[in-house]
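In what follows, a structure is listed as structure tokens, so that the remarks can point back to it.
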Amino acid sequence: MTEFILEHDRPNCIGCAACAAVNPKHWEMNEDGRSDIKGGKQREDGWQELEISEENLKMNKEAAEACPVNVIHLKKKENGEKLI
Ligand code: SF4
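Here the sequence shown is numbered in my numbering, starting from 760 and rising by one per residue.
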């Protein structure tokens with residue numbers, strides 16, 4: 760069940776690779792030097808997003824906390840409440 764939305768403000772990613780190191784299940788580095796959410800949807804505003812289930816929440820929180828420029832966000836699908 761998808762309960763959360765993982766978001767990546769990709770235009771502001773500095774390509775440090777911390778997210779991919781912490782959570783290689785969901786994050787990988789792209790040839791252009793920025794990271795990608797694996798299987799994520801590319802939005803018109805340049806951000807990426809992916810619906811995730813609760814079991815994948817903790818590891819993405821850890822990726823978000825590891826990001827030095829805070830471009831990884833999580834929100835509840837149900838009401839859009841921002842978690843990080
Ligand atoms: S940790 Fe943040 S800045 Fe570093 S590659 Fe991942 S999203 Fe980009």
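We put the CB at the ideal spot given by N, CA and C, even for glycine.
Could you check if residue i is buried or exposed, using at least 16 other CB atoms within 10 Å of its CB as the buried criterion?
i: N782; result: buried
i: Q807; result: buried
i: V828; result: exposed
i: R769; result: buried
i: D791; result: exposed
i: L842; result: exposed
i: N838; result: exposed
i: I796; result: buried
Over what stretch of residues does the alpha helix (DSSP H) that includes residue i continue unbroken?
i: L816; result: 816–825
i: C775; result: Taken as a continuous stretch (DSSP letters only), C775 belongs to no alpha helix (DSSP H), as it is neither H nor E.
Can you tell me which residues form a DSSP beta bridge with residue i?
i: K800; result: E808
i: D795; result: E787
i: E766; result: E808, H832
Less than 7 Å between the beta carbons of residue i and residue j, yes or no?
i: I831; j: A822; result: yes
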